[in-house]
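Chemist:
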Amino acid sequence: MTPAAFHVEAADYATRQALLHGVRRAVFVDEQQVPAALESDDLDPLSHHVLALDADGHAIGTGRLTPQHRIGRMAVLAGWRGKGVGEALLQALVAEAARRGWGEVTLHAQVHARDFYARNGFLPEGAPFTEAGIVHQTMRRRMDGAMRVQDADQAEAAMATVIHRARRRLLLGCRGGDTALLAQPAVLQALRRFATRRHDKQALVLLHDGEPAAMPTALLALLQRLPTVFALRLPADPGDPSLAPASVINDNGDCYFRPMGDRFEGELCLDMPAPARQQDALFQRAWDAAAVCEGFRTLGI
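Be aware that the sequence shown starts at 1414, since it is given in the working numbering, and climbs by one per residue.
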């Protein structure tokens, strides 16, 4: 299927506010029943706005970056969702924040969109809260260094974003509860997306436990469906961190690694080739010393 044609551009608020508010009213006020008085505020004239326009120049999505270093008012018309518009808007806003030299940006994600932001490098912080009658989650993305990962929710987001940003090569060093983590919604969706792309790709997976019974059903089904994409091995010494790394590395300069292995605490590095290369080398050493997972051979994996 040919991707739908659209593009994203910066929008001067003074001259294009009608287009911006048109999209926001359709999504927030008409669809989500947010009070009309909350759709706009005093930050609008002070913020950097982006617009997504279709091939005919009609506004289909919008978002803004406020002086408080916060992304907000992300809205895409219903008929254009699932076509990459939201991601293009988000990337444009993150790029603008980086261009301004900001070290990080935050946002308040509606909980139904939390996985979308997780796949794009934002880690959740704190407990959900209600804003404008809708449950939200604070999320943060750092752009000037590694991000600390401290709990299961952040681990899911970190793993999802590294997988989502992979091009053709993905390395997964699984230890402890990682197999369960790989079956979490955001992670599994990112894995499916990577594995079903049309171009050549491969995921190398080092499993601490090589028994199919230890694998979550949804993850096992994906491995069976696409056995040419996934290669599985058992580390030579599961107790040796150097031979059983706990990490996720892609070929885009990103990695999430956990020095303590069985715990979620670690670091997420995005657009940081040096640590990604280091983790890649450690993984490759462990992979070369690893053994084939015999338990999965009978399942065609």
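Where a beta carbon is used, it is the ideal one built from N, C-alpha and C, also for glycine. Given the structure is predicted, the values throughout are model-derived calculations rather than measurements.
(1) Count the C-beta pairs between the segment 1635-1647 and the segment 1608-1615 that are closer than 8 Å, then say yes if the count reaches three, no if not.
(2) Only counting runs of 4 or more residues, tell me where the alpha helix (DSSP H) segments fall wholly within the segment 1492-1538, in order along the chain.
(3) Is aspartate 1467 near alanine 1418, with beta carbons less than 8 Å apart?
(4) With DSSP as the reference, please indicate the residues paired to alanine 1472 in a beta bridge.
(5) Is glutamine 1445 near the ligand ATP, judged by its Cβ being under 7 Å from some heavy atom?
(6) I'd like the list of long-range same chain contacts for histidine 1549, defined as Cβ closer than 8 Å, with 5 residues on each side in sequence excluded.
(7) Using the Cα positions of glycine 1558 and proline 1686, report the straight-line distance between them to the nearest angstrom.
(8) Drop a sphere of 10 angstroms on the beta-carbon of threonine 1630, count the other beta-carbons inside from all chains shown, and report buried for 16 or more, exposed for fewer.
(9) Is it buried or exposed for threonine 1415, if we count other Cβ within 10 angstroms and need 16 for buried?
(10) Under 8 Å, with one C-beta from each stretch per pair, do the segment 1658-1671 and the segment 1571-1584 reach the 3-pair mark?
(11) Give the single residue among Arg1610, Leu1632, Ser1460, Leu1619 whose Cα lies nearest to the Cα of arginine 1513.
(12) Spatial neighbours of arginine 1437 within its chain, please: C-beta separation below 7 Å, excluding the five flanking residues on both sides.
(13) Just verifying my parser: in three-state terms, what is the DSSP assignment at glycine 1558?
(14) On the three-pair Cβ rule with 8 Å, is the segment 1699-1709 touching the segment 1669-1686?
(15) Kindly indicate which residue of Asp1454, Arg1588, Val1440 has the alpha-carbon position closest to the one of methionine 1673.
(16) Pull up the distance between the alpha-carbon of methionine 1552 and that of tyrosine 1530, whole angstroms please.
(17) Could you give the C-beta distance for asparagine 1533 and leucine 1503, rounded to a whole number, given that I count them as a contact under 8 Å?
(18) Would you give the residue range spanned by the alpha helix (DSSP H) that glutamate 1707 belongs to?
(19) Measure how close the beta-carbons of histidine 1621 and alanine 1657 come, nearest whole angstrom, since I'm counting them as under 8 Å.
(20) Go to valine 1575, then tell me how far its alpha helix (DSSP H) extends in each direction, as first and last residue.
(21) CA-CA distance, glutamine 1691 and valine 1440?
(22) Tell me, to the nearest whole angstrom, how far the beta carbon of alanine 1596 is from that of isoleucine 1576; I am working on the premise that it is less than 8 Å.
(23) Proline 1686 by DSSP, collapsed to three states: which one?
(24) Near glycine 1713, which residues of its chain fall below 8 Å by C-beta distance, leaving aside the five closest residues on each side in sequence?
(25) Give me the Cα-Cα distance between glycine 1492 and proline 1648, rounded to the nearest whole angstrom.
(26) Less than 8 Å separating the beta-carbons of alanine 1518 and arginine 1477?
(27) Buried or exposed, going by whether 16 or more other CB atoms sit within 10 Å of the CB of aspartate 1591?
(28) My understanding is that alanine 1465 touches glycine 1435, with C-beta atoms under 8 Å, so please give their C-beta distance in whole angstroms.
(29) What span of residues does the alpha helix (DSSP H) with valine 1436 cover, start to end?
(30) Given this structure, state the Cα-to-Cα distance separating valine 1498 from histidine 1420, to the nearest angstrom.
Modeler: Quick answer:
(1) Counting Cβ pairs under 8 Å, three or more are found: they touch.
(2) 1498-1512, 1527-1532
(3) The residue labelled residue 1467 in the question sits at position 54 within the sequence shown. The residue labelled residue 1418 in the question sits at position 5 within the sequence shown. In contact: aspartate 1467 and alanine 1418 (Cβ atoms closer than 8 Å).
(4) To locate residue 1472, count along the sequence shown from 1; it is residue 59. Its beta-bridge partners are Leu1466.
(5) The ligand ATP is not among the ligands present in this structure, which contains no ligands whatsoever.
(6) By 1-based counting over the sequence shown, the position of residue 1549 is 136. Answer for histidine 1549: His1521, Ala1522, Gln1523, Val1524, Pro1541, Phe1542, Thr1543, listed in chain order.
(7) If you number the sequence shown from 1, residue 1558 lands on position 145. If you number the sequence shown from 1, residue 1686 lands on position 273. The straight-line gap from Cα to Cα measures roughly 12 Å.
(8) If you number the sequence shown from 1, residue 1630 lands on position 217. That one is exposed.
(9) Residue mapping note: residue 1415 aligns to position 2 of the sequence shown, counting from 1. Confidence at threonine 1415 is low in this model, with a pLDDT of 48, below 50, so the placement of that residue should be treated as unreliable; the coordinate-derived value is given next. Looking at its Cβ environment, which holds fewer than 16 other Cβ atoms inside 10 Å, threonine 1415 is exposed.
(10) yes
(11) Position 100 of the sequence shown, counted from the start, is the residue given in the question as residue 1513. Ranking the options by Cα distance to arginine 1513, first place goes to Ser1460.
(12) Numbered from its first residue, the sequence shown carries residue 1437 at position 24. Excluding residues within five positions, the ones whose Cβ falls inside 7 Å are Glu1452, Thr1475, Arg1486, Ala1488.
(13) Here residue 1558 refers to the residue found at position 145 of the sequence shown. It is coil, neither helix nor strand.
(14) no
(15) Here the question's residue 1673 lines up with position 260 in the sequence shown. Distances from the CA of methionine 1673 to each of Asp1454, Arg1588, Val1440 were compared; the closest alpha carbon is that of Arg1588.
(16) Indexing the sequence shown from 1 puts residue 1552 at position 139. Indexing the sequence shown from 1 puts residue 1530 at position 117. In a straight line, the C-alpha of methionine 1552 is about 8 Å away from that of tyrosine 1530.
(17) Position 120 of the sequence shown, counted from the start, is the residue given in the question as residue 1533. Position 90 of the sequence shown, counted from the start, is the residue given in the question as residue 1503. That pair is a contact at about 6 Å.
(18) As a working mapping, residue 1707 is identified with position 294 in the sequence shown. Residues 1707-1710.
(19) Translated into positions along the sequence shown, residue 1621 becomes position 208. Translated into positions along the sequence shown, residue 1657 becomes position 244. So it is a contact: roughly 6 Å between Cβ atoms.
(20) If you number the sequence shown from 1, residue 1575 lands on position 162. Residues 1565-1577.
(21) Against the sequence shown, residue 1691 aligns to sequence position 278. Against the sequence shown, residue 1440 aligns to sequence position 27. Linking glutamine 1691 to valine 1440 through their CA atoms gives a straight-line distance of about 44 Å.
(22) Here residue 1596 corresponds to residue number 183 of the sequence shown, with the count starting at 1. Here residue 1576 corresponds to residue number 163 of the sequence shown, with the count starting at 1. In fact, because the Cβ distance is near 13 Å, the residues do not count as touching under 8 Å.
(23) Translated into positions along the sequence shown, residue 1686 becomes position 273. Residue state, collapsed to three classes: helix.
(24) Counting from one through the sequence shown, the residue named residue 1713 turns up at place 300. The beta carbon of glycine 1713 lies closer than 8 Å to those of Gln1637, Pro1640 in the same chain, with the five residues before and after it left out.
(25) For this step, residue 1492 is matched to residue 79 along the sequence shown. For this step, residue 1648 is matched to residue 235 along the sequence shown. Each residue's CA atom was taken as its position, placing glycine 1492 and proline 1648 some 47 Å apart.
(26) Numbered from 1 along the sequence shown, position 105 holds the residue referred to as residue 1518. Numbered from 1 along the sequence shown, position 64 holds the residue referred to as residue 1477. What sits at residue 1518 in the sequence shown is valine, not alanine. No, the Cβ-Cβ distance between valine 1518 and arginine 1477 is not below 8 Å.
(27) For the purposes of this step, residue 1591 is taken as residue 178 along the sequence shown, with counting starting at 1. Classification for aspartate 1591: buried.
(28) On the sequence shown, position 52 is the one that residue 1465 refers to. On the sequence shown, position 22 is the one that residue 1435 refers to. Rounded, the Cβ-Cβ distance is 12 Å, inconsistent with contact.
(29) The residue given as residue 1436 occupies position 23 in the sequence shown. Per DSSP, valine 1436 belongs to the alpha helix (DSSP H) from 1426-1437.
(30) Position 85 of the sequence shown, counted from the first residue, corresponds to residue 1498. Position 7 of the sequence shown, counted from the first residue, corresponds to residue 1420. C-alpha separation (whole angstroms): 8 Å.
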